[in-house]
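Taking it in order: structure first as structure tokens, then the write-up.
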Amino acid sequence: MNTEIKGGIDIAMKVPPHQYQQTLDFYRQTLRLPEITDKAPATGFILGPNRLWIDEAPGLSQAEVWLELFTPDFHAAEKHVEQHGVVRCDAVEPLPEGF
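So the sequence shown is numbered by our numbering: it starts at 13 and just counts up by one.
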């Protein structure tokens with residue numbers, strides 16, 4: 013593989029409404045992870061060297077996990093993962109240009 017892809021520190025968990033509060037309670041009360049409070053209304057937690065963001069996703073029936081990845085050549089990386097059977101589902105959440 014010639015395409016460089018690196019992981020970032022952000023992980024987003026997209027959670028359906030019927031599991032959202034229970035998921036927040038798990039990270040707040042059960043695991044007692046430090047909460048990120050300076051990005052409201054986003055809800056995040058410090059998870060070791062990473063930041064875990066919990067997003068309510070009304071269009072989902074089950075949770076999804078999104079990883080932050082970086083590459084200097086987005087189009088080459090996009091083609092690479094497509095060739096390996098990865099199906100993007102960008103319709104779950106509107107993303108800004110460049111994502």
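Note that CB positions come from ideal geometry on N, CA and C, so glycine has one too. From a predicted model like this one, the values you see are computed outputs, not experimental measurements.
Query                                                                                                                     : Result
Just verifying my parser: in three-state terms, what is the DSSP assignment at arginine 40?                               : helix
Would you list the residues sitting across from phenylalanine 82 in a DSSP beta bridge?                                   : Lys18
When you compare each of Ser73, Leu79, Val98, His87 to histidine 30 by their alpha carbons, which one comes out closest?  : Ser73
Within the chosen definition, does the stretch 76–87 reach the stretch 47–59 through at least 3 CB pairs nearer than 8 Å? : no
For proline 53 and valine 99, I'd like the C-alpha separation in whole angstroms.                                         : 29 Å
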